[in-house]
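What follows is a single structure, written as structure tokens, with notes after it.
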Amino acid sequence: MNANVSEGADVTIGCKAETDSEGQNLTWYRNGMRLANSDRYTLEANGTRLVIKDSRPEDAGVYTCNMTLHTTEKSGQTLLQDVMLNGQPYMTKDVSTTVDILLNETLTITCPVAGYPRPVVFWLRDGDTEVKASDRVTLSSYGDVAGARIMIKNLTSSDLGEYTCAAENSIGRMVKEFQVGPVGAAVSERVAGLMNVVFGVLVAVLGMACSDLW
Numbered sequence: 014m015n016a017n018v019s020e021g022a023d024v025t026i027g028c029k030a031e032t033d034s035e036g037q038n039l040t041w042y043r044n045g046m047r048l049a050n051s052d053r054y055t056l057e058a059n060g061t062r063l064v065i066k067d068s069r070p071e072d073a074g075v076y077t078c079n080m081t082l083h084t085t086e087k088s089g090q091t092l093l094q095d096v097m098l099n100g101q102p103y104m105t106k107d108v109s110t111t112v113d114i115l116l117n118e119t120l121t122i123t124c125p126v127a128g129y130p131r132p133v134v135f136w137l138r139d140g141d142t143e144v145k146a147s148d149r150v151t152l153s154s155y156g157d158v159a160g161a162r163i164m165i166k167n168l169t170s171s172d173l174g175e176y177t178c179a180a181e182n183s184i185g186r187m188v189k190e191f192q193v194g195p196v197g198a199a200v201s202e203r204v205a206g207l208m209n210v211v212f213g214v215l216v217a218v219l220g221m222a223c224s225d226l227w
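Every number in this note's numbering is 13 more than the matching position in the sequence shown, counting from 1.
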């Protein structure tokens, strides 16, 4: 019994029993790691159902039901069933969305995404123009997701701006925006903001001084 992740809700996946409950022993695995009863994982119906509480996108993947039969005719026989828990794309870790870089250098932006089914990633420039591979642009894999990393060689001023990582699968879509600017731009903006504050204070002080003179 396959299922989809509904974030924050409990989700149940199950495998088909091959015999009566007394003639089988079931265990569940995810990514090769055995699962057991815990605050988030509960086994029901003699182990044929796995309940995941407060499900999250990162719970998606392939779960394996390992069934060992103990009936007379099939004693010791082990059957494996893969059960799919589908989930929309999500970011696997936090990344900075501001990229400061020198012109003529190589720009590298990584979009660490995952999901099940495995998402398809594409990049947009300024929200609507798809960025495709070229002699200057390389799209490569990050983890097991193709196209999740973009590299642009010999960066020019026309390459600066907003880049959007869009990841999609059959369950949903996720976007992450990155702002690319020249080195020093952020510092210059902060300095300009500070100067405006200082100027405002000076004007106020001078204004009060002048009013005292009059």
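All residues carry an ideal CB built from backbone N, CA and C; glycine is no exception. All values derive from a computational prediction rather than experimental measurement.
Whole-angstrom distance between residue j and residue i, CA atom to CA atom
i      : j      : result
Met46  : Tyr76  : 10 Å
Met80  : Leu92  : 5 Å
Ala180 : Arg186 : 6 Å
Thr123 : Val18  : 25 Å
Glu175 : Ile26  : 40 Å
Ala30  : Gly100 : 25 Å
Asn15  : Cys178 : 29 Å
Ile114 : Leu173 : 9 Å
Gly156 : Lys66  : 27 Å
Thr55  : Arg69  : 16 Å
Lys189 : Pro132 : 14 Å
Val193 : Gln90  : 58 Å
Val134 : Arg43  : 25 Å
Glu71  : Val24  : 13 Å
Ala73  : Leu98  : 5 Å
Assigned exposure category for residue i - 16 Cβ within 10 Å defines buried
i      : result
Asp148 : exposed
Ser51  : exposed
Ser171 : exposed
Ala49  : exposed
Gln231 : Since the first residue of the chain shown is 14 and the last is 227, residue 231 is not available in this structure.
Ser201 : In this prediction, Ser201 has a pLDDT of 42, which is less than 50 and means its spatial position is unreliable; what the coordinates show is noted afterwards. With fewer than 16 other Cβ atoms within 10 Å, it is exposed.
Gly21  : exposed
Leu116 : exposed
Gly140 : exposed
Val196 : exposed
Asn182 : buried
Gly95  : Note that residue 95 is Asp in the sequence shown, not Gly. Counting Cβ neighbours within 10 Å, Asp95 comes out exposed, since fewer than 16 surround it.
Beta-ladder partner(s) of residue i, from DSSP
i      : result
Leu152 : Ile163
Gln192 : Thr111 and Glu175
Val126 : Met104
Asn79  : Thr40 and Leu93
Leu120 : Ile165
Ala16  : Leu98
Interface flag, residue i vs chain B, CB-CB below 9 Å
i      : result
Leu115 : Reference to chain B is not applicable here, since this structure consists of a single protein chain.
Residue i: CB within 8 Å of a non-hydrogen atom of the ligand HEM
i      : result
Pro195 : Of the ligands one can find in the structure shown there are none, so the ligand HEM has no counterpart to examine.
Would you call the segment 162 to 181 in contact with the segment 134 to 144, where contact means no fewer than 3 C-beta pairs closer than 8 Å? In this structure the segment 162 to 181 touches the segment 134 to 144; the number of beta carbon pairs closer than 8 Å is three or more.
Inter-stretch contact (C-beta, 8 Å, three-pair minimum) for the segment 102 to 111 and the segment 43 to 59: The segment 102 to 111 vs the segment 43 to 59: no contact.
To test your reading of the DSSP string, which unbroken alpha helix (DSSP H) runs of 4 or more residues are found completely within the segment 24 to 65? Within the segment 24 to 65, no complete alpha helix (DSSP H) run reaches 4 residues.
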